[in-house]
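Each residue of the sequence shown is one higher than the last, beginning at 5 in our numbering. Ideal Cβ placement from N, Cα and C applies to all residues, glycine included.
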Amino acid sequence: MLITVSGPPGSGKSTTAEALAKSFDLEHISGGDIFRELARERGMTPVEFNELAEEEDQIDRDLDKRLRNIATERDDILLESRLAGWLAAEHADIRIWLDAPLNTRAERIAERENKTRKTAKKETERREASEAKRYYEYYNIDIDDLSIYDICYNTARWSPEGILGMLTTAIDSYNPTSDEGKAPVVGISYDF
């Protein structure tokens with residue numbers, strides 16, 4: 005089984021992805037972890053690294069190519085990244101999108117990264133604008149188009165345990181032999 009978990013920063017995708025991977029004995033692969041590791045290697049924050057990626061498009065392309073290859077070549081994984089659903093495309097059994105209002109996400113990020121909510125909100129807005137611009141320029145992906153996702157949740161409405169419970173029920177109920185909704189993602193240029 006290949007499950008993808010996507011969403012903006014602070015949406016709870018990492019917390020949810022870790023719990024789902026454990027619940028279903030799937031290997032958890034996080035694009036965010038890989039991206040943050042690359043930023044640290046260059047002595048940059050994720051926001052700074054995002055902005056550098058606007059000038060050096062190979063940063064994104066290398067990461068996205070790696071994630072796409074994992075999705076097309078492997079099984080029994082949970083792939084977590086902002087673009088996981090788009091990159092896995094028709095290979096994914098279930099594509100999940102998590103979100104929350106910006107103020108909620110900024111508060112979560114501020115707590116996690118030990119910064120003010122105002123700073124976290126400003127950085128998050130910059131990061132999201134930077135990423136959306138690049139995704140569209142590189143691959144023709146409109147990150148605000150949620151039509152490819154099978155499940156979308158506002159994580160501010162339920163506890164992490166509640167989100168996990170709902171997703172576990174949905175995944176347990178999934179039967180690939182009766183799946184009539186699996187379709188390719190069209191209009192995307194996987195130009196790595």
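Cross-strand partners of residue i (DSSP beta bridge)
{"i": "S34", "result": "E84"}
{"i": "L200", "result": "Outside the displayed span of the chain (5 to 196) sits residue 200, for which this structure offers no information."}
{"i": "T173", "result": "Paired residues: none, contrary to the question."}
{"i": "N158", "result": "D103"}
{"i": "L6", "result": "I81"}
{"i": "I98", "result": "I7"}
Alpha carbon of residue i to alpha carbon of residue j, nearest angstrom
{"i": "L106", "j": "Y140", "result": "21 Å"}
{"i": "R112", "j": "I192", "result": "32 Å"}
{"i": "W101", "j": "M48", "result": "28 Å"}
{"i": "T172", "j": "S34", "result": "19 Å"}
{"i": "L67", "j": "H95", "result": "18 Å"}
{"i": "E77", "j": "I7", "result": "14 Å"}
Outcome for residue i when other beta-carbon atoms lying within 10 angstroms are tallied against a minimum of 16
{"i": "G197", "result": "The chain is shown only over 5 to 196; residue 197 falls outside these bounds and no answer can be derived."}
{"i": "N54", "result": "buried"}
{"i": "G11", "result": "buried"}
{"i": "L83", "result": "buried"}
Open item on the list: Using a Cβ distance threshold of 8 Å, determine whether the region 180-192 contacts the region 127-135, with at least three qualifying pairs required.
Closed with: No, the region 180-192 does not touch the region 127-135.
Task: Those runs of the beta strand (DSSP E) which lie wholly inside the region 14-62 and span at least 3 residues - done: For the region 14-62, the continuous beta strand (DSSP E) assignments of 3+ residues that do not extend past its boundaries occur at 31-34, in sequence order.
TODO: Would you be able to state if there are at least three C-beta pairs under 8 Å between the region 112-122 and the region 21-33?
DONE: no
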